[in-house]
Every structure is written in structure tokens, then in C-alpha cells.
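Participant: Chains A, B, C and D supply the protein sequences, listed in that same order.
Using this note's numbering, the letters of the first sequence map in sequence onto residues 1320 to 1694.
Using this note's numbering, the letters of the second sequence map in sequence onto residues 1320 to 1694.
Using this note's numbering, the letters of the third sequence map in sequence onto residues 1320 to 1694.
Using this note's numbering, the letters of the fourth sequence map in sequence onto residues 1320 to 1694.
Note that beta-carbon positions come from the ideal geometry of N, C-alpha and C, so glycine has one too.
4 protein chains.
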Amino acid sequence: MVHRAGPRKDIYYEPNEVKAAIVTCGGLCPGLNDVIRQVVFTLETYGVKNIVGIPFGFRGFFEKGLKEMPLSRNLVENINLAGGSFLGVSRGGPKTSEIVDSIQARRIDMLFVLGGNGTHAGANAIHDECRKRKLKVSVVAVPKTIDNDIPLMDKTFGFDTAVEEAQRAINSAYIEARSAYHGIGLVKLMGRSSGFIAMHASLSSGQVDVCLIPEVSFALDGEYGVLQHLEQLIKNKGFCVVCVAEAAGQELLQNSGATDASGNAILSDIGVHMQQKIKTHFKGIGVHADIKYIDPTYMVRACRANASDAILCTVLGQNAVHGAFAGFSGITSCICNTHYVYLPVTQVITAPKRVNHKGRMWHRCLTSTGQPDFR
Amino acid sequence: MVHRAGPRKDIYYEPNEVKAAIVTCGGLCPGLNDVIRQVVFTLETYGVKNIVGIPFGFRGFFEKGLKEMPLSRNLVENINLAGGSFLGVSRGGPKTSEIVDSIQARRIDMLFVLGGNGTHAGANAIHDECRKRKLKVSVVAVPKTIDNDIPLMDKTFGFDTAVEEAQRAINSAYIEARSAYHGIGLVKLMGRSSGFIAMHASLSSGQVDVCLIPEVSFALDGEYGVLQHLEQLIKNKGFCVVCVAEAAGQELLQNSGATDASGNAILSDIGVHMQQKIKTHFKGIGVHADIKYIDPTYMVRACRANASDAILCTVLGQNAVHGAFAGFSGITSCICNTHYVYLPVTQVITAPKRVNHKGRMWHRCLTSTGQPDFR
Amino acid sequence: MVHRAGPRKDIYYEPNEVKAAIVTCGGLCPGLNDVIRQVVFTLETYGVKNIVGIPFGFRGFFEKGLKEMPLSRNLVENINLAGGSFLGVSRGGPKTSEIVDSIQARRIDMLFVLGGNGTHAGANAIHDECRKRKLKVSVVAVPKTIDNDIPLMDKTFGFDTAVEEAQRAINSAYIEARSAYHGIGLVKLMGRSSGFIAMHASLSSGQVDVCLIPEVSFALDGEYGVLQHLEQLIKNKGFCVVCVAEAAGQELLQNSGATDASGNAILSDIGVHMQQKIKTHFKGIGVHADIKYIDPTYMVRACRANASDAILCTVLGQNAVHGAFAGFSGITSCICNTHYVYLPVTQVITAPKRVNHKGRMWHRCLTSTGQPDFR
Amino acid sequence: MVHRAGPRKDIYYEPNEVKAAIVTCGGLCPGLNDVIRQVVFTLETYGVKNIVGIPFGFRGFFEKGLKEMPLSRNLVENINLAGGSFLGVSRGGPKTSEIVDSIQARRIDMLFVLGGNGTHAGANAIHDECRKRKLKVSVVAVPKTIDNDIPLMDKTFGFDTAVEEAQRAINSAYIEARSAYHGIGLVKLMGRSSGFIAMHASLSSGQVDVCLIPEVSFALDGEYGVLQHLEQLIKNKGFCVVCVAEAAGQELLQNSGATDASGNAILSDIGVHMQQKIKTHFKGIGVHADIKYIDPTYMVRACRANASDAILCTVLGQNAVHGAFAGFSGITSCICNTHYVYLPVTQVITAPKRVNHKGRMWHRCLTSTGQPDFR
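1. Given that a residue counts as buried once 16 or more other Cβ atoms are within 10 Å of its Cβ, and exposed if not, what is V1606/C?
2. Could you list which residues in chain B have their beta carbon closer than 7 Å to that of R1497/A, in chain order?
3. Under 9 Å Cβ-Cβ, which residues of chain C neighbour L1347/D?
4. In terms of DSSP beta bridges, what is S1457/B paired with?
5. Does any CB atom of chain A fall closer than 7 Å to the CB of A1621/B?
6. Using a C-beta cutoff of 7 Å, does E1534/D count as contacting chain A?
7. Determine the direct distance from the alpha carbon of G1345/C to that of D1609/D, and round the result to whole angstroms.
8. Counting only Cβ-Cβ distances shorter than 9 Å, please list the residues of the region 1633-1656 of chain A near chain D, keeping chain order.
9. Short of 8 Å Cβ to Cβ, which residues in the region 1519-1534 of chain D face chain F?
10. For S1404/A, which residues of its own chain have a beta-carbon under 7 Å away from its beta-carbon, when the five flanking residues on both sides are left out?
11. When you compare the CB of D1708/B with every CB in chain C, is at least one pair closer than 7 Å?
12. Quick one: grab the DSSP three-state call for T1343/A.
13. Tell me whether D1628/C is buried or exposed, calling it buried when 16 or more other Cβ atoms sit within 10 Å of its Cβ.
14. Roughly how many angstroms lie between the CA atoms of D1692/B and P1326/A, to the nearest whole one?
15. Pick from A1442/D, N1467/D, Y1493/D and I1654/D: whose alpha carbon is nearest that of A1460/D?
16. What residues from the region 1596-1609 of chain D come within 9 Å of chain C, judged by C-beta to C-beta, listed N to C?
17. Using a cut-off of 8 Å between C-beta atoms, extract the partners of R1378/B located in chain A.
18. Taking just the CA atoms, how far does N1399/D sit from F1558/C?
19. Just to confirm the assignment, what range does the beta strand (DSSP E) spanning D1609/A have?
20. When burial is assigned at 16 or more other CB atoms within 10 Å of the CB, is H1548/D buried or exposed?
21. Starting from L1531/B, trace the beta strand (DSSP E) in both directions and tell me its first and last residue.
22. Take R1426/D and list the residues in its own chain whose beta-carbon comes closer than 8 Å to its own, dropping the five residues that flank it on each side.
23. Please go through the region 1324-1378 of chain C and give each complete alpha helix (DSSP H) segment of 4 or more residues, from N-terminal end onward.
24. Buried or exposed for R1694/C, please, with buried defined as at least 16 other CB atoms from any protein chain shown within 10 angstroms of its CB.
25. Please classify S1513/D: is it buried, with 16 or more other beta-carbons within 10 angstroms of its beta-carbon, or exposed?
26. Identify the contact partners of R1487/A in chain B, using a Cβ-Cβ distance below 8 Å as the criterion.
27. From this set, A1564/D, G1541/D and V1408/D, which residue's C-alpha is nearest D1588/D's C-alpha?
28. Roughly how far, in whole angstroms, is the beta-carbon of V1312/A from the beta-carbon of C1632/A, given that I think they are within contact range, below 8 Å?
29. Strictly below 7 Å CB to CB, what residues from chain B border F1375/A?
30. For Y1331/B, count neighbouring Cβ atoms within 10 angstroms of its own Cβ and tell me buried if that reaches 16, exposed if not.
31. Say whether chain A places a C-beta atom closer than 7 Å to the C-beta of V1563/B.
32. Closer than 7 Å by beta-carbon distance: list the chain C residues that pair up with I1613/D, in chain order.
33. Can you pull the chain D neighbours of V1371/C, defined as C-beta to C-beta under 9 Å?
34. So which of S1498/C, K1463/C and G1437/C has the shortest CA-CA distance to P1374/D?
35. According to DSSP, which residues form a beta bridge with T1651/A?
36. Residues in the region 1404-1428 of chain B with C-beta within 7 Å of chain A's C-beta atoms, listed in sequence order?
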């Protein structure tokens, strides 16, 4: 079920008759424009002349007033120099059957879908519906999750850039904490189900005293709780920096159970919660503490890809096109155990990958922060 | 009352008998380390050997366990490469008489005070108390306000860097807004009493559609209100970016009347308020809108000074020392009508400078954003 | 002859009949795109519909195959996010009469010219020729010199950015020098006739031990020469950093007398010359020295404008259009003694502004570097 | 001979009796300070109290006046925020027997050596000599080569940062080339024996038209030569960007056969050579061309490590200490086939790893640049 990615000897489409479409779904992630650009470049190299962008995710298939955008090398040449998505993104969208109706009406032969879990589920449904209707449409996905939380995949694009950019927020928190009397810097980083960004950013910055991730439960209160540890840090070191993943400690919060348009649970804000708890705690024990809370989410997401992600996006984009021309559908273009491969889209729609709390990387993170078990 | 700043022929202290102290008060501001460094360098050039830093603002004069830090060229050589304050900052502090007791006990001859309005008031009180006690102590201030809101002064250090760094947040908001379907980017920038940072950042970014400052009142609701205008922007342009100064629209909020340790009023959060109002408004009219709110305050404050601020800090720091050696006390080192001068500290403790809403700069900002009157 | 810049009550052109052209000449300078963008925006605000860019400087008026580019808000919206010139630049060009022939043939009513000394001379000749031919053409210039060397003007756009960006090169030289055994970092910065960039960059970096500018002659050899001083620095401090303006010490070199297409003298490379001299000197005295030479010229020039330059460009661009609509011709849009004004183009074509070697700024630079007189 | 890296159950030294020394050799490379810092941190975690830095490479073992530097967490806490080497580097050094004499005299138990090929040969000789003298000294290396050219190793620290930073130079060359009439941007990147940096930087920038590496020979002249291709690019596209590795095309140059103090061949400058050849070529065919040559070497080397390299350095540094405490000597700490391992130092001193010119990565690079075979 796993195929080595790359160009094939035989191609299953006549390039100058192909109409190819690209769509980007979900939230922003560094590298979206790099993938779009490379898909267009590679399609043109094959000789495809009819390339379009579907604006604002699946919404672009049905929302009146949204027109598909003709794409060419000239137009996308420099889009990688800016962050965001040149095509626009959005969450949710119409029903699968409506999307496939639209695909038929537009006479699309290849659909390149960039998105996360939910989007891959959508891509799979589209693929199935096309098969059912016996449409010869290649649906090829490229996984987009800044959280790097897809099983089997070594890395998803945008993650490296996010870790890099998160340093800026952590360093600001460190500067604020260190310059304040009993300063506590608190940074919330992305990670809807996993703590990879928080763990890597803590490790690379070398400035974090406490790193909290959803994979490792923790108590705030009590003798072995986080607050008690912060008290010790303030006493011994004078300041400290805490990095918390957005999904960490959700069991400590009252969640509404609501979901967003992509079907993701709307999380309660652990950052704001901890800020309050820390304030109250230090007030309670009569110790001055100066808390600064930073949530750099949008400033991280909106960045352009760094060099390492740019290369990853280039290869994934090229391979997506090779896969479509090889006649594959329902696949996703990724890197797996250091090899670039195609996986079935279904593979991606499973439980998210999570930090192994008994693994070496988390252990190195603990060594670096020097934090104890908070239980 | 205004004296041209710079070295004097005669100096009123025997350098190798002088003990000089530096203290930084209030919140962080880019350039603090540049001034500290230059004060130390210049004191050493005069031949001063006994230079100390008072840690964590005026608090360092009385808090047990806080020791003064011996300073030297070697130690401060590279502190300007990082943001924050090498000495630490804090708000508030002990009574004037206690500070002067401590100055006497420590045998300090020169006190360099870096801080804002409140700190200048403190410096003035210290200066007066020293005179009363007939102590020969030079109290020389350097005005520190990232907001650039001191009357008579062309520019205060940190402002230029803040405007530069704010671009990063505005650009993120622009990318998020542009990439989203009906995206609205909202950025709150510093400005406790004035809108200089918001105005300059809006103008220099060229990406802002609506700039709101405290000097110009505005309605959110109503036919000519901000919300109505955003509706138009979403309709015509598809997305928009709003930049709001923290003190803007305070009349629209219920303020608690509380103040912080520096005596500054604790403002209600206009950014959060607007975010809510925008959400509610668009929900009310049944139009999809995707709002992203960014508050980059700490990431802006914690930056190192840019080149232009570095030069300003260098000159202000050098002049502060020249002023002390010239025997001045109760002065502040600043740039005024393109000249570097000493002003009496009392000059600074007046009403803050505010954006002239009939002036050319605000007019240029309006031209750039294209926004109407919101009244 | 000096007029306050800004919009006028009466305008001397019917906007929707106007054809406006923009041309950028000479070498790159941060901010070119900001000015182009703002000229287009402001022209559109007046109601002008026919706006074109002349590609690659005056060359665009005659080179076959170069077509004028229609410009609009949409097209130039984001050009300020990248460095360079959206229209392209080049040096030299056709004869004045040929340019005016072309202006007539193209029915251009307003010509906005961005360039330096030579370009202003060209703009003036075009203006005169138009007058002679009784053509109603407004020729309005915006001075572009990264060197900041035009008399009367407070600052030209790009200078601030250049000083900022030069820090990066100086810091690299500092890191290399400090990390090497007897390391000497040598950085050459722009300045065809003046040392403003070198002086400001040295002052703001605070990492330079010797700053050499064309306004202050120096000996390399001899008891009081630069080489002798470097020897002392290596002996006492272990490393040092030298910053030299490109036009410095030209009297020490054999110049060819050749000029480039803009008529500027082709300077011999003082950086390479010094690198050789330093190597030979230390070899001669049997002392190990490790010299690293950095010439960051193109990396500095190709930057996008920083926030401060972006504002300057915005105002200069707006004013250039106001000036044209007010019926002026043969003027240049600039900032002079803190006021935005129009000066006659002829004013700019005089001897370049030079660093006052008896002034305070140079004195501050000397204090900062601690360098002696090299004579 | 390959051991999984990491902490061991049993340790072969009594931590509080250990004297550990760190030395950094060769040229600068991003991440040196990260490794130094992490080695110190980890040694302290084991309980080592006597940690010293040998200044300026092996030279620090014999040069009079160079004293070893006591190191501690406090001292090295923030050294990773700046580039360079906190300890200083240098090439060459004394004879092995002299170094081991010094190790004995200083009573060093663990020696951590950071360096490249030559340094690893030195480390191996030191290790052998220690064995011969029956000294219980652990010699543990960490490979430092910005070029990423060591066989078996997935990646060496500093490479990722170098590729990232090289983008800045390539983008400047692109901006200069695109903004000039018939502009040609030429960038020389590091790579003493291999083209990894040039290849990766070309691929990630997406702005390079021709990438030249030492592994693939090329002709400049002739029908299929590089110059002919540039002529085509100028004709069809108007501008182009060339990226050349420093060791590329050495067969086209006359080399002196000289070597530097590390024993590396002193290469002739292919960048300068190509600049001349391009100028002459276009002059010869009477076509205007505007060449801009950028050599960013020192600005790339002197950078601080990016996030990805920071993590790599952290792990390599921790493992180096674990290896020493496990009683290993003559090993090097590296990442190999995604696993962190210890390899014998001898493994590193073989022929350098080179780009596989038949491999996928080089093929992707060719696809990206669109360049033909130059033969």
C-alpha cells in the first residue's frame, strides 16, 4: 500500500488535455504557498496548460461569487516569499456530493488537496464518490498540519518553521521574566492533540523551565504541582519560563464540548487559565510575582516557510503531481522513515501521533528544563 | 532652563572618588541596555571606577536580598545585543526618604535614572530631598517611554524599534485576514495615552484599513461606526486589517478605576472588547467573518534596539554622564527640536504629548488607510 | 524657491486626462518600491487612470523591446514587501532630446523620476527641454541616494535601512574577529563621496574599533598610521573590527580615472587594498593575524525598506504627486530641516554633502571607537 | 563499532574528581556555542565541578599567555544566543606529543574536541598517544563541518543554519539581477569538497537558474557551456541567478597547491573567476550584462544556530558527555541513519561525503533550476 514517490515511466493523462485544480483547507501553515507553487511548476513541466486554484478551501466549490483562479508559473513565481495561502483557506464546506458535482461541472481531472485530518477525510470521500460515479479524477492530498501529528510521517511541512518562529516568543518571555522582579514568562504554543511544537521549541530554545504537553498529565496544585515548582524556581532562581501546549491540561478545564467548522473540539484556553491560577497562587502566599503571558499563534502560523520546510514542500509538491500523472488517486504525498512515499489517504485519518512520554526526546526535554514529575 | 547637552570644560567631581549608580524603572523598552552600557562606558572614560547597578528599579534600594551590581566595560560590553534590562526593572518602590537614606548609606554621588512619567516624578522628589539634606548628589534622568509621548521631545528611545517590530504583527494580521474568507485581522498596539505607535505602524506598514487612536474618538455602532465600515470593507475588498492603540475608545468600556504600582490606570482591554463586538455584529447580520486578534505587546517591548534607537541611546547615555559631571542635577537628557539638550525633570512630568488629530501626520495616516470619520 | 510640500487647493491637471509615468534610475536603494507604490496610490486618489512605469531607467525610453508597464493599485499593492525596483533600474541612457521625443510620443503629462545626482541632472535637462518645446509636462523628482549625501536634506530614503542592515555585516565581522586568534574583521560600507553610512553604522553597532571615512584622511603606515594602531589593538585586546567607507583613502590608491555609465568615478577597492596591507604588515612584523574581509554592499542595497524609511517614502511619494498636480515642474520632493518641502532640482546637483569632521556626530563616533588621529 | 549514544547505567569516573576540558578547532560554524553550553550543562548534571575551556583550538595548549577558562552553567547560560565560538577557534597547533604533555600537566580526564576532518585526525592521534602513555583520558569528538560532508552521518550541525542563511544572499542576488537590465546575480557558497550547501540552498530558494557543484564537472565555454546558457537566459528571461560551490570547477583554475594551517588546499576563487569570464563573454558578444557577485561566507558562518541545529547540538553535546562517562575514548558523537550514535573517530577521517550526481536530490535540484548538462 506504500509506493515510493517520484516520476513514473508511463503517465495516465494527456497533459495538454488535463485540467488540474488546487485547493487549500483549514488553518494557515507555513509552506502552503511553496506547495502550491511547486504543484503549478511541475504541472507546467508535464505540459499542463489548464491549472486553476479553488479559492478559500472547499467553500470555493459552492460559494457564489468565488471564482476559480487561473494559475501559471508567472503568477505564482514569488508567492513563497510571503506566508499564508495565495488561494485562501477556510474550514468546513459543502457536502461531498456537491463538491463532486462541481468537479464534474468544471471538468477537473486532477484535484490537489492541501489540508489536515478533516480535509483528508473530505479528500477520501471525494475520491470514493468519484469512483462510485466512475469519474477518472485523481485526488491527491498533501498533509498540512503544523502540529506534526500524523502517524508514520517523519515530519509535516510547516512544523520546522513553527518551532523556529516559536523561539521568538519564548525568548521574549525569557527577556520579560528575567528583567522583572520575580518574573514568570508563560508561552502557549500550538498543538491540538500533541505537544511536538512545545517540546521541540522548549528543547531548542534552552530557555524553558517547565514544558507542559497533553501527553503528560500534570497537577497545578498540591505538593508536587506546577505552582509549587514555580514557587521554588522564583525562590532559587528569581524568574522562570513556562511553555504550554494548547491541548495540555484540558482535564483541568471545563470544556464546552463545542467544535469548529472543521470538526475540531474548541479547547478551553489553558494559557489564560494558568495565568489566572499563577496570579492567584502567588497572591495567596503573599509573594510578589510578575506574570507575562504570550500567545504567538497567529504570528507563527502566518510566517513564510524556512529553508528546510521549503525543500520539504518542493519535494512533496513535485511528488503529488507525479502521483496524479501515474494514475494514483486517494493518496497523500509524504515523507516516511526518510523516504518520500505515497500513502493511502485513509492512513492519515487515524488517531493523531503523540509524543512518546517514555521516549528519548521527551526525556531530553526534561533534562533540558530540569522539571520534575508534576503528580 | 534648557541647556545644550555635551561635555563641559570644567567638571564638578573628582572621577576616581565618584560612586555612580544606575537604576531602570517601569516596563521594558528597547534600548535600556544600550543606555546602561553607554553610561558605564562614558563614566569609565571620565575615570570613574566605582559604578554600580541598582537591581529591579527603586525596589532595589530597599528589598532585602537584592544587592547592587558592580558594573564595568567588560561586563556590559555586549548587553545591547539582547533586549530587556540587564539590571532588571520594576514598578513602584519605597518612599523618597527611604531611597535617599539608602543613597546616603551607599555614598552614591551620581544617580542615573531611566524611566517614564512616574519615575521622573520619583527622580524629582529624590533630587529635592537631596537638596533639602544638602547632599551633593547628581540625579540625572533619561526618559524611557516606548509610546513617545513626552512633550517637547522629538523622540524617545525604543519608539522607532517598537514601530518596526509592530510591522511583524500587522503583517501577520494581514496574511491571516487575506488568506481567510472574510478575514478580519485585529492588532492592538501600545500607547497608554497616545496613538503614536499605532499611527506610525499603520502608516509604515501600508496594510492597515482602520487605525484607531485615543486622540480621535469613534463610535463602534451606528451608521458611521467602525463596524459598519468593516462590513463595507468585507463586502468590497473581502478582508481588512484594524490597528487599535491600547488606550483608544476607553470611553466605550467600563473601567475599574484601578491603577498599577506605577500609578498608571489599568485600562480595560479594547482589543478583546472589539473582537467580541465584531464577532457579535457579523453574527447578527448573518455574514460570515473570521476574526484574528493579535496582541504583540511583550514581543515588541522585549526586542533589542534597532540601529536608529541604538544611536539615540548612545548619545543620550553619553550626555547623561556629561551632565552629571557638569554638576547638573534634576535634569533629563533628551533630544528636542533636533538638538540634544538637558531639560529640567519637572518638564517631563506634565500632561503626555498626544497625536494632533488636525496635523499632517494623522492626515497622512487617514489617506493611507482610507478610513472615514467614525462619528 | 522652497515650497512647503503637500496638497494644494487648485490643481492644474484634469486627473482623468492625465498620463503619468514613473522611472527609477541608478543603483538599487531600499524604498524604491515604497515610493513607486505611493505615487501610484496617490495618483489614483486624484483620479488618474493612465499610469505607466518606464522599465529600467531612462534606458526604457529608447531600448527596443522594453515596453511601458501599466500600473495600478492592485498591481503594486505589495511590492513594498520586497527590495529592489519593481520597474527595474539602469545607469545612463539616451540623449535628453531623445527622451523628450519619447515623452511627447507617449503623451506623458507627469514624469516622476527617482534617482541620484546624475539622474537629477537628467531630470533637470528634461525639464528645460520641455520648457523649450513649450510642453506642459511636470517633471518631479524624488532624490534616491543610499549615501544620504545631498545638501540641505535631513535624510534621503534608504539610508536608515542601510545603516540597520550594515549592522549585520559588522556583527559578523565582530564575531569572526572575536572568535579568531588575533582576529581582524574588516567591513567595507557604501559611501561614494561621504562617510555617513560608515559613521552611523559604527556608532550604532558599538562594535567598531576603527572607522575610516573619505572626509578624514589617514595614513596606513607610519608611527601614527592605522596599521600601527591595529597592532596595538591586537596586542592589548586580542582582536579588532575596522569599518571603512568605499571612498575612504582613495588618495592611497592608484585610480584609473574611469567612470561608469552614470558618470561616477570608478573607485579602486579600498577594502581589498587594506586587506592586503594588513596581511603584509603583520607578516612583516612576525605576528599572527587572521583577517576576514566582508563587503555586504549588494545584501544591504537589495533589502526592503525598514519602518522609518517606509514612512519617509510614503510622504515623499504623496508629495511628489501633490507637487505635479499643483503645476510644479523641475522640483524634487524632500525633507529639509524637519519639514517636507519641494526644492528646485538644480539644488540637488551640487557638491555632495559630507561628514563634518569637526562636528559632534563624528566626535561621538571617535569617542565610541576610541581611535586616535591617523596622521 | 557503532554504539547507541546516551546515558549508561555504570559510569567510569568519579564526577567530583573529574577535570573536563573543551576545545573548538578550525573555522566557525553555527552551533559551536550550543554544543559548548550543553557539554557544560551535562557535565554539571553529572556533578563535575572542574570544567575548563582551552582557548583558540589546539593552539591554546601551548601558546603562552593563553589561559584555560573555568566554565560553569552561569557563564555559558546565554552563549548560544550569539554566533562564533565562546572559546575561540584556530587552525593547526602543536605536535601531538606536546598536546598530550599539556593534558598530563593540566590533569585533564576528559577532552571534548569540536572540529572537522583535520581536528578529528588530531583527536585520534591524541587518543592513541594517551593510550600509549597509559593515561586514563577520554577523548570525545563532535564533528563540526558546515559543509555536511562526513560519510555515514545524516547531518552535521550548522548545515541547516547555513542553508537558511544562504537564502538571504541568494535573494539579494535575485533582487539585484531582476531589478537590473540584463542582470546576472552570482553567489558563491561554502563547500570545500562537496556541493551540499549550494544544492540545498538552490533548491530551497527556488530562485536559482544555474547551480554548480564540485561533484558535477562543467564547461564554461562552448556550445553546451554555462556561458552559452546564461546568454539564453538573458535573452529569454531577461535576468538570471547562478549559485556556485566554492570547490566547483577547480579543474578550470590554476591552483597553487598551497594548503592552510589545517592542511586544507587553498582553493582558487571560482566566484571571482566566473565573474570575470561572464563579463568578458558578454562584452565579447556585444550584449549588455550587469553582473553582481556576492560572497556571503563569513555572514553565514558567524550566525547563531537555528532551532533545528540547536536541538541537534543539544543532543550531540549531551551524548558526548554520556560517552565520556561511559568510559569511551576515540569516539565521535553523531546522528547516523536517524539514530544518535558513537562512531570511532577514525571513521570520520576518510574521504568526504559527496553529492550523488545520480541521486534524487541532485535531480530535484536540476528540475528546480531547469539547467541542462554543461558538457
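Facilitator: From the atom records:
1. By 1-based counting over the third sequence, the position of residue 1606/C is 287. When all chains shown are included, V1606/C counts as exposed.
2. Locating residue 1497/A in the first sequence gives position 178, counting from the first residue. The answer, in chain order, is G1403.
3. Residue mapping note: residue 1347/D aligns to position 28 of the fourth sequence, counting from 1. Using a Cβ-Cβ cut-off of 9 Å, L1347/D is close to I1494, E1495, S1498 and A1499 of chain C, given in chain order.
4. Locating residue 1457/B in the second sequence gives position 138, where the first residue counts as 1. Beta-bridge pairing links S1457/B to M1429/B.
5. Here the question's residue 1621/B lines up with position 302 in the second sequence. Using beta-carbon distances, A1621/B counts as an interface residue toward chain A, with a partner under 7 Å.
6. For the purposes of this step, residue 1534/D is taken as the residue at position 215 of the fourth sequence. Residue-level contact check: E1534/D does not touch chain A, since none of the beta carbons of chain A fall below 7 Å from its beta carbon.
7. For the purposes of this step, residue 1609/D is taken as residue 290 along the fourth sequence, with counting starting at 1. For the purposes of this step, residue 1345/C is taken as residue 26 along the third sequence, with counting starting at 1. So the two alpha carbons sit approximately 12 Å from each other.
8. Listed by position, the residues of the region 1633-1656 of chain A near chain D (Cβ gap below 9 Å) are T1633, V1634, Q1637 and N1656.
9. No chain F appears in this structure, whose protein chains are A, B, C and D.
10. In the first sequence, counting from the first residue as 1, residue 1404/A sits at position 85. For S1404/A, where only same-chain residues beyond five positions count, the Cβ hits under 7 Å are T1343, L1347, L1351 and N1352.
11. Residue 1708/B lies beyond the range of chain B shown here (1320 to 1694); nothing can be said about it.
12. Residue mapping note: residue 1343/A aligns to position 24 of the first sequence, counting from 1. Three-state DSSP puts T1343/A in a strand.
13. The sequence position of residue 1628/C within the third sequence is 309, counting from 1. D1628/C is buried by the Cβ-count criterion.
14. The residue labelled residue 1692/B in the question sits at position 373 within the second sequence. The residue labelled residue 1326/A in the question sits at position 7 within the first sequence. In this model, D1692/B and P1326/A are separated by some 59 Å (Cα to Cα).
15. Position 141 of the fourth sequence, counted from the first residue, corresponds to residue 1460/D. Per the Cα distances, A1442/D.
16. Shown in chain order are the members of the region 1596-1609 of chain D whose Cβ falls below 9 Å from a Cβ of chain C: H1607 and D1609.
17. Within the second sequence, numbered from 1, the residue matching residue 1378/B stands at position 59. At a beta-carbon threshold of 8 Å, the residues of chain A lying near R1378/B are Y1500, ordered along the chain.
18. For the purposes of this step, residue 1558/C is identified with residue 239 of the third sequence, where counting begins at 1. For the purposes of this step, residue 1399/D is identified with residue 80 of the fourth sequence, where counting begins at 1. Put simply, the backbone Cα of F1558/C is about 21 Å away from that of N1399/D.
19. In the first sequence, the residue the question calls residue 1609/A occupies position 290. D1609 to I1613 is the span of the beta strand (DSSP E), which, as asked, contains D1609/A.
20. Along the fourth sequence, one-based indexing puts residue 1548/D at 229. Its Cβ being crowded by 16 or more others within 10 Å, H1548/D is buried.
21. Locating residue 1531/B in the second sequence gives position 212, where the first residue counts as 1. Element bounds for L1531/B: V1529 to L1531.
22. Working through the fourth sequence from its first residue, we reach residue 1426/D at position 107. Excluding sequence neighbours, R1426/D sits near K1338.
23. Note on the region 1324-1378 of chain C: whole alpha helix (DSSP H) runs with a minimum of 4 residues are 1351-1365, in chain order.
24. Counted from its first residue, the third sequence places residue 1694/C at position 375. Looking at its Cβ environment, which holds fewer than 16 other Cβ atoms inside 10 Å, R1694/C is exposed.
25. As a working mapping, residue 1513/D is identified with position 194 in the fourth sequence. By the 10 Å Cβ count, S1513/D comes out buried.
26. Here residue 1487/A is taken as the residue at index 168 of the first sequence, counted from 1. Within chain B, the residues near R1487/A are M1618.
27. Your numbering for residue 1588/D matches position 269 in the fourth sequence. Ranking the options by Cα distance to D1588/D, first place goes to A1564/D.
28. Examination of residue 1312/A is not possible in this model, given that chain A is present from 1320 through 1694 alone.
29. Here the question's residue 1375/A lines up with position 56 in the first sequence. The contacting residues are Y1500.
30. Working through the second sequence from its first residue, we reach residue 1331/B at position 12. Its Cβ having fewer than 16 others within 10 Å, Y1331/B is exposed.
31. If you number the second sequence from 1, residue 1563/B lands on position 244. Not an interface residue.
32. Your numbering for residue 1613/D matches position 294 in the fourth sequence. Against chain C, the beta carbon of I1613/D has neighbours under 7 Å at Y1617 and M1618, listed in chain order.
33. Within the third sequence, the letter at position 52 stands for residue 1371/C. Annotation: V1371/C has no Cβ neighbours in chain D at a cutoff of 9 Å; minimum Cβ distance is about 18 Å.
34. For the purposes of this step, residue 1374/D is taken as residue 55 along the fourth sequence, with counting starting at 1. Nearest of S1498/C, K1463/C and G1437/C to P1374/D, Cα basis: S1498/C.
35. As a first step, residue 1651/A is located in the first sequence; it is residue number 332 there, counting from the start. Note: T1651/A sits in a beta bridge opposite A1460/A and L1662/A.
36. Shown in chain order are the members of the region 1404-1428 of chain B whose Cβ falls below 7 Å from a Cβ of chain A: S1404, G1407, V1408 and S1409.
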